[in-house]
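I have placed the structure first, in the form of C-alpha cells, so that the comments after it can refer back to it.
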Amino acid sequence: MLELDNLKVQFGKQEVLKSLSVSLESRAVGLLGPNGAGKTTLLNTLLGFNPATAGTARVLGLDIKQDAARMKSLIGYMPENDSFVSGITAVRFVSLMAELSGLPREIALEKAHETLFWTGLGEARYRKIETFSQGMKQLAKLAQAIVHGPKVLFLDEPTNGLDPPARRRMLTLINDIVNKSGTRLLLSSHLLRDVEECCQDVLILNQGDIAGCHNLEEEKESKFKFLEIEIQGDKDSFTAEIEKRGCSSAEYADGRLKIVLPENMSAAEIFMIALDMDAEVRKMEMKRSTLEDIFLQAVENRHGSVQ
Amino acid sequence: MAVYSNHSRHQPYQGRLTGPLERFMIIPRYAFRSLSESKIFLLLFTACFAVPLGCLLMIYLNHNLDAIKMLGIDPKDLNLIGNTFFLRITEIQCICSFFIMALVAPGLLLPDMNNNGLPLYFSRPITKQVYLGGKLFVLVAIQSVITWVALSLLFFFQAGLAGGSWIFDHADILWAIFSGSLVWILITSLIALTVSSMVRWKAAGGALLLGVVFIASGMGEAINEIFRTRYGILFNLIYMFEKIWEWLFSFNVHGNVIVVPASEAPYLPLTYYWLDLIVIAAVCTALLWRKVRAFEVVK
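So the sequences go chain by chain: A and B. The opening residue of the first sequence carries number 1 in our numbering; numbering runs sequentially from there. The opening residue of the second sequence carries number 1001 in our numbering; numbering runs sequentially from there.
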C-alpha cells in the first residue's frame, strides 16, 4: 500500500523527515510517534502539500510526484485540525467535495446524503457546519473523506477532541470502512489505543526517522510474556546473566527493566538469578505485550529514552 | 431522488468520473449558487444596469424624432452616439463592477481559508491553478456581464437603429469596449483575490479592497507633491485606466486618432501605465500563489 524510498523533507535547514525507506503492505497501517515526530509532515508529503527534498514515495504503486493527480483521486483525506467550508450546509459541503473528487453532480448529491446518514449526521445535514459541535465536525470531515469511495484513507488524528462515546463511534466507523468496503487505511495518531484497535501494521516515527515498523499481531504473539522488574544492585551483571540464558531486555527511562522470557522460562527463575547476583528485586510484574511496549521499546532503542 | 438505500453499510462509488472541464466549473457553480442566495448582491447587481438602461433610452431617442418632439427636447441637445459616449459608459460600468467585486471577492476565498478548508481541495485531483482559476472565473464572469457584455448589447442596439455601415465604421468601439473592460476586470480581480486572501473578515476584505484602490490614488498624489515627481501617478489605478481607456477609444477603424473631448494629456507615457499594470498583475499572482496553500507554514 505504501512505499517510501529514501523520502527526505527539509524545511529550510531543518530536516523534518530523514531519508525514510519502508514498504508496508497490510490493509491498515498506523502511523505512530510522539508530537513533532513527523507524522503529519509525512501525510502532507504523500498528499503533495510539501515537496519532498529527495527520494520519493508510492501509494498503491503510484508515484506521489509523477502520478499525483491519479493518486489523489484514489485518496480520502481527513486532516487533523478543523477543516470545512463555512457558509454552506453539511450536505452541500460533502457534495462539493464529492464533485471535486470526480463524481457527477447528481451522484455526488446522492452520495453526500447517504454518507452523512451513514456517519450519523443525517438529521443535521441541512445545518451549516460552523454550527456543529466538535464531534459533529469530526464526523463531517470523515464523511467528506469517504464520500467518493477512496481506495486509501488518510486519517490524521481522527479522534482528536472527542469524548469517549464519540471516540468509540468514530473507531467503529473507521473499522467498518476498512473491513466492509475494503478501503485501505493510513491512520496517524499519537493515541496508541486508536492505532491498536484499527491497524495491523505500525510505523513508528521519532524525530523524523523510522524508529520501528511492526506487525501488531506478530509482535503480540512473539512477545506475549514479559516481565517488568525493578531491581537494586549490579544491574549490568544481572542483565548480562539473563541475556546469557536466552532472555532479551530493555531498560525504561526510569530504570525499570523489561524482560522478555523464552518459552521454557518462568518468572521464578529470574527471581533466583537476581538472588544469585545479590540484586534486590523491589518489584516484579508479569505483563502482556501491548502497543505501548512496542512503541516505547522502538523509541528507547533508538534514543535511549522516551522523548 | 433516492436519498439513501442502506444505512448499515457505506458503499463506495465505482462509476464514471467527470472530465477536467466539468471539474473546473464546480467551484464557479457553487460560488454562483451562494451568490444567488445573497439579497444584497442581487440588489446591487441589478442596480448596476441602471446606467446601461438609461443609455438604451438615449440611443432610442437619438433615432426617434417623433419621440424627441413629443418630449420637447431640442435635437441639438442630444449626444452623438460615438466613441466618447461609449468611453464614458465604459468608465461608469467598470467602476460599478469594482464595487460589486469588493462585495463578492472576500466571500470567495474566506470561507475556505478561514476554516482550513484548502487541504480538502488540494488533497483531491484539483490543482492550485484550477482552484484559483475557478475563483477568478467567478469575478471575471460577474464583471463581464456588467461591463463589456452589457455595453456590447448597447453597441449592437445602436448599430441596429443606425443601420447602413455604422457597425463597420465603428468596429473600433466594440474592440475598445471589450479590451478596455477585460484589462480592468483581470487586474482588479487579481487585486481583489490577493487582498481577500490576506484578511479574516469579509467586511474587512471589502473595505481593504476599496482602500487599496482609492487610498493608493491619494498616496500617489502625495508622492507627486512631496517628491515633485510624476511617478506617483503609477499608484493611481483609476487615473491609469482612464488614460488607457481614452487611448483605446481614441482610434477609428482606419487607425486615425479621434480626439476624445475633456481629456488631458497623460502625465507619463502610456507604456509606463501598461508596464505598471503588468507589474501589479505579477505581484498579485505571486502573493496569491504564496498565500493559497494547503497548510500554514509556522516560522
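Cβ coordinates follow ideal geometry from the N, Cα and C atoms, glycine included.
Who are the Cβ neighbours of residue i in its own chain at under 6 Å, not counting the five residues just before and after it?
i: A1102/B; result: G1206, L1209 and L1210
i: V1213/B; result: L1237
i: F1098/B; result: T1188
i: C1055/B; result: I1089 and L1154
i: D201/A; result: L24, S26, V29 and N215
i: E217/A; result: none
i: I1167/B; result: A1159
i: E130/A; result: S86
i: P1106/B; result: S1196, K1202, G1205 and G1206
i: D194/A; result: T159
If you draw a straight line from the alpha carbon of residue i to that of residue j, how long is it in whole angstroms?
i: M984/B; j: V85/A; result: What is shown of chain B runs 1001 to 1299, which leaves residue 984/B out entirely.
i: D234/A; j: F271/A; result: 14 Å
i: R105/A; j: T1229/B; result: 57 Å
i: L43/A; j: M78/A; result: 10 Å
i: Y1272/B; j: F1235/B; result: 12 Å
i: G1164/B; j: G1082/B; result: 15 Å
i: G48/A; j: F1295/B; result: 11 Å
i: A1262/B; j: I1177/B; result: With a pLDDT of only 48 at A1262/B, under the threshold of 50, the placement of this residue in the model should not be trusted, and no figure is reported.
i: L257/A; j: N206/A; result: 22 Å
i: H286/A; j: I273/A; result: Looking at the sequence provided, one finds Met at residue 286/A rather than His. When rounded, the distance between both Cα atoms is 16 Å.
i: G1232/B; j: W1274/B; result: 15 Å
i: K141/A; j: A68/A; result: 22 Å
i: G1180/B; j: P1111/B; result: 31 Å
i: V178/A; j: P150/A; result: 11 Å
i: T172/A; j: G76/A; result: 18 Å
i: R127/A; j: A1031/B; result: 18 Å
i: H1170/B; j: S1152/B; result: 12 Å
i: G212/A; j: F1024/B; result: 43 Å
i: C1094/B; j: L1053/B; result: 15 Å
i: F1249/B; j: S1197/B; result: 34 Å
i: G984/B; j: L1287/B; result: Since the first and last residues shown for chain B are 1001 and 1299, residue 984/B lies out of range.
i: L1017/B; j: A250/A; result: 53 Å
i: P1012/B; j: D176/A; result: 12 Å
i: E3/A; j: K72/A; result: 16 Å
i: L1035/B; j: V1104/B; result: 8 Å
i: G246/A; j: L261/A; result: 7 Å
i: L192/A; j: L155/A; result: 14 Å
i: S266/A; j: G33/A; result: 33 Å
i: D1066/B; j: F1049/B; result: 26 Å
i: K1069/B; j: L1057/B; result: 15 Å
i: L62/A; j: L203/A; result: 20 Å
i: F226/A; j: R1290/B; result: 53 Å
Closer than 7 Å by C-beta to residue i: which residues in its own chain qualify, once you throw out the five before and the five after it? Chain order, please.
i: L116/A; result: A90, V91, V94, G122, R125 and A143
i: D82/A; result: K137
i: V281/A; result: I229, I231, F271 and A274
i: T1158/B; result: In the sequence on display, residue 1158/B carries Gln and not Thr. Closer than 7 Å at the Cβ level, and outside the excluded window around Q1158/B, lie I1059 and I1081.
i: V9/A; result: V16, L17, T41, T45, N50, A52 and T53
i: G1015/B; result: none
i: Y1267/B; result: R1230 and I1233
Rounded C-beta distance between residue i and residue j? I'm assuming under 8 Å.
i: L185/A; j: H148/A; result: Wrong, their Cβ atoms sit about 16 Å apart, outside the cutoff.
i: N309/A; j: A37/A; result: Within the shown structure, residues of chain A are numbered from 1 to 307, placing residue 309/A beyond reach of any answer.
i: L139/A; j: G120/A; result: 6 Å
i: V22/A; j: T41/A; result: Not really, about 15 Å apart at Cβ, beyond 8 Å.
i: E1037/B; j: E1242/B; result: Going by Cβ atoms, the distance from E1037/B to E1242/B rounds to 36 Å, so no, they are not a contact pair.
i: V1183/B; j: L1277/B; result: 7 Å
i: K1135/B; j: L1186/B; result: Not a contact, Cβ separation roughly 13 Å.
Considering only heavy atoms of the ligand MG, does any lie closer than 7 Å to the CB of residue i?
i: L1248/B; result: The ligand MG is absent from the structure shown, which contains no ligand whatsoever.
Please go through the same chain and pick out, in chain order, the residues whose beta-carbon is closer than 8 Å to the beta-carbon of residue i, but skip the five residues on each side of it.
i: V1292/B; result: L1109, M1113, L1118, K1128, Y1131, L1132 and S1197
i: S1123/B; result: A1294
Item checked: Ranges of the alpha helix (DSSP H) found wholly within the stretch 1042-1115 of chain B, counting only runs of at least 4 -> 1050-1062, 1065-1071 and 1083-1113
Check: Which parts of the stretch 33-103 of chain A are runs of the beta strand (DSSP E), unbroken and 3 residues or longer, counting only runs that do not cross its ends?
Finding: 54-59 and 75-78
Check: Enumerated in chain order, which unbroken segments of the alpha helix (DSSP H) with a length of 4 residues or greater are wholly contained in the stretch 1200-1288 of chain B?
Finding: 1202-1227 and 1237-1248
Check: Using a Cβ cut-off of 7 Å, which residues of the stretch 69-84 of chain A contact any Cβ in chain B, in chain order?
Finding: A69, K72, S73, I75, Y77, P79, N81, D82, S83 and F84
Checklist line | Start-end ranges of the beta strand (DSSP E) lying completely within the stretch 231-290 of chain A, minimum 3 residues | finding: 248-251, 257-260 and 280-288
Next item on the list: Check distances from the C-beta atoms of the stretch 1091-1120 of chain B to those of chain A and list, in chain order, the residues that come in under 9 Å.
Entry: G1107, L1110, P1111, D1112, N1114, N1115, N1116, G1117, L1118, P1119 and L1120
Notebook entry, point to check: Given a limit of 9 Å on CB to CB distance, which residues of the stretch 158-189 of chain A reach chain B?
Noted result: L173, D176, I177, K180, S181, G182 and T183
Next item on the list: Give, in chain order, every residue of the stretch 1159-1181 of chain B whose Cβ lies closer than 7 Å to some Cβ of chain A.
Entry: none
Checklist line | Selection of the stretch 226-256 of chain A by Cβ proximity to chain B, strictly under 8 Å | finding: none
Item checked: Cβ-based contacts, 9 Å cut-off: residues of the stretch 1119-1138 of chain B near chain A -> P1119, L1120, Y1121, F1122, S1123, R1124, P1125, I1126 and T1127
Notebook entry, point to check: Taking Cβ-Cβ distances below 9 Å as the criterion, which residues of the stretch 20-52 of chain A are in contact with chain B?
Noted result: T40, N44, L47, G48, F49 and N50
Margin query: Taking beta-carbon pairs under 9 Å, can you tell me which members of the stretch 1278-1296 of chain B lie near chain A?
Written below: R1293, A1294 and F1295
Next item on the list: Please list the residues of the stretch 1189-1200 of chain B that have a C-beta atom closer than 9 Å to any C-beta atom in chain A, keeping them in chain order.
Entry: none
Next item on the list: Write down every uninterrupted run of the alpha helix (DSSP H) in the stretch 121-169 of chain A whose length is 4 residues or greater and which is fully enclosed by it, in chain order.
Entry: 134-146
Next item on the list: With 7 Å as the C-beta to C-beta threshold (strictly closer), list the residues of the stretch 96-109 of chain A near chain B in chain order.
Entry: L96, M97, E99, L100, S101, G102, L103, P104 and I107
Item checked: Cβ-based contacts, 9 Å cut-off: residues of the stretch 136-158 of chain A near chain B -> K141, Q144, A145, I146, V147, H148, G149, P150, K151 and F154
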